[in-house]
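Sequential numbering from 0 applies to the sequence shown in numbering that gives the first Met the number 0.
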Amino acid sequence: MTTTPTTPVGTTDTVDRPVETSPALALKWRPTLSVPPPQAPDAAPVRWWPLAVALIGGLGLTAFVWSEHGALPATLLALGLGLGFTLFHSRFGFTSAWRQFLAVGNGTGLRAHAVLLGTTATLFALIIGTGTGLFGNEPGPSAGPIGIALFAGAFLFGIGMQLGGACASGTLFAVGSGQSAIVITLFGFIVGSVIYSAAWPLVADLPAVPPVLLSDHVGWGGSWAITIAALIAMVVISRVVQNRRVPPPVGAPPAAQGWARVLRGSWPLVAGALVLAVLGAAVLVVSGGSWGITSAFNLWGAKALQLLGFQPETWAFWSQPDQAAQLAGPILQDKNSLTNIGIILGAAVAAAAAGTWKLHTGLSWNLVAAGLVGGILMGIGARLAGGCNIGAYLAGIASGSLHGWLWAVFALAGTWAGLRARSLFGLGVPKPSDSVC
């Protein structure tokens, strides 16, 4: 589902086709589209050398982590490999889904989000409600304070992902698949995270109220029921909007045929949502905490500064006990770093198997500038808000936390602003006249 920044938008369909019409409030099993969805082209031949390198790298690193650090970190790395494999084959992302919905009213991606959120919420309620954990860990919900930092951070993140061309998870799997432009976004992500940690004393005490967890008031059963009801409402709204605006369909990535599609892609969005939910729940069971991404970027930036001779450990942010312990420890024992590295390698395996792995060269100035600015905004925004589209939006909503829903509202507002900012960098935005969005 994720549209990478190298994918052209704004192309028009030169063939006259009938437009399907329907009442504005009609709810159909298949919401209306201006033209039929395109046929997926056949997958390209397997890229054997990249596949071999990615497989050996992923399996070898997992074995090394197991021998040096134990079964728990190795399991997290293996789960990351599965997440990357799934993210790429289902093209499951958040940036293009929100762009398509706000720009032309196509809610396909939002409905896939609802499946992912609903399935994850169900698994979280079962896991946390029963206290099911491995390696001595007790699983806990993901909840964050509600205040100015959350609102501002989510808004900045929404702008940043439309400029950078990917969200947090999308950045990782796009880098793994060889998208050079997204490497710039990842670099900006790390820079923005470092800027936040350096300026942390200025924003540490912004007004906020404590986290609000539904389970504290109505139990896990009630929390699950309210979350599912809200997600159903999200699906209904997306269908109403889509039937009213009659948008172009989402483009179809290349796909293998028959059972080869399991290993070579592309997968239906619903299949990707279900597998991601199971893998994300497994991260919770194994580590005791929800799947997250962006805190690792802050750690990577601080480690890089140390290699360059700087002393971020003296900063107020890294002087806090938990952060100090994180910075002092190895990256291959950090939960989010392990799953992030796994996502990159897993996506490389998937892209090579699908025949699409390729290093893109000759980047234009606008992609570089937009990627850098977008990454910096996402890095600052994710740290302000205490999470990204995974750590705040997915984990927060699945945990029955009000901050997850509020993050989504302000990130959508940022997406609206980001769509308008794309023109400053010469980036396209889907239009109703496009053949695909």
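Ideal Cβ placement from N, Cα and C applies to all residues, glycine included. Just so you know, these numbers come straight off a predicted model, no measurement behind them.
Notebook entry, point to check: For L411, which of G69, G83, A43, Q99 has the nearest alpha-carbon?
Noted result: It is Q99.
Notebook entry, point to check: Just reading off the alpha helix (DSSP H) that E312 is part of, what are its end residues?
Noted result: From DSSP, E312 is part of no alpha helix (DSSP H); its letter is neither H nor E.
Checklist line | Integer-rounded CB distance, given that I127 should sit under 8 Å from G139 | finding: About 7 Å separates the two Cβ atoms, so the contact holds.
Check: Ordered along the chain, which non-local residues of its own chain (more than five positions away) have a Cβ less than 6 Å from that of T119?
Finding: If the five residues before and after T119 are omitted, its C-beta is found closer than 6 Å to the C-beta atoms of A276, G279, A397, all from its own chain and listed in chain order.
Note to self: Which same chain residues end up closer than 7 Å to T11 when comparing Cβ atoms and leaving out the 5 residues on each side of it in sequence?
What the structure shows: Its pLDDT being 33, under 50, T11 is placed unreliably by the model, and the measurement read from it follows with that caveat. The answer, listed in chain order, is S432, D433, S434.
Margin query: Do S237 and R29 count as a contact pair if the criterion is CB distance below 9 Å?
Written below: No; because the gap between Cβ atoms is not below 9 Å, this pair is not in contact.
Note to self: With distance defined between alpha-carbon atoms, name the residue in V249, A420, L418, G385 nearest to G403.
What the structure shows: Closest by C-alpha distance to G403, out of V249, A420, L418, G385, is G385.
Checklist line | Reduced DSSP category for L212 - H, G, I as helix; E, B as strand; rest coil | finding: If DSSP states are grouped into helix, strand and coil, L212 belongs with the strands.
Check: Smallest Cα separation from V274: which of T107, V64, G117?
Finding: Of the candidates T107, V64, G117, the one whose C-alpha sits nearest the C-alpha of V274 is G117.
Notebook entry, point to check: Does the distance from the C-beta atom of G164 to that of I181 stay below 9 Å?
Noted result: Their beta carbons are under 9 Å apart, which means G164 touches I181 by this criterion.
Notebook entry, point to check: Do you know offhand how far L50's Cα is from A203's?
Noted result: The straight-line gap separating the alpha-carbon atoms of L50 and A203 is approximately 44 Å.
Notebook entry, point to check: When DSSP labels each residue in this structure, what does S168 get in the three-state scheme?
Noted result: S168 carries a helical assignment under DSSP once its states are collapsed to helix, strand and coil.
Notebook entry, point to check: For D321, which of S294, A303, G345, I343 has the nearest alpha-carbon?
Noted result: Of the candidates S294, A303, G345, I343, the one whose C-alpha sits nearest the C-alpha of D321 is S294.
Check: By Cβ distance below 8 Å, which residues in the same chain neighbour L75 in space, the five residues on each side in sequence not counted?
Finding: Excluding five sequence positions before and after L75, the CB atoms of its chain that fall closer than 8 Å to its own CB belong to V282, V285, S286, K334, L337, T338, G341, given in chain order.
Next item on the list: Locate the alpha helix (DSSP H) running through Q325, then write down its first and last residues.
Entry: Its alpha helix (DSSP H) spans residues 320 to 327.
Notebook entry, point to check: Which residues mark the beginning and the end of the alpha helix (DSSP H) in which W290 is found?
Noted result: Neither: W290 is in no alpha helix (DSSP H) and is coded neither H nor E.
Notebook entry, point to check: What are the residues that DSSP puts in a beta bridge with I145?
Noted result: Looking at the DSSP assignment, I145 forms a beta bridge with V208.
Margin query: According to DSSP, simplified to helix, strand and coil, what is A254?
Written below: Strand.
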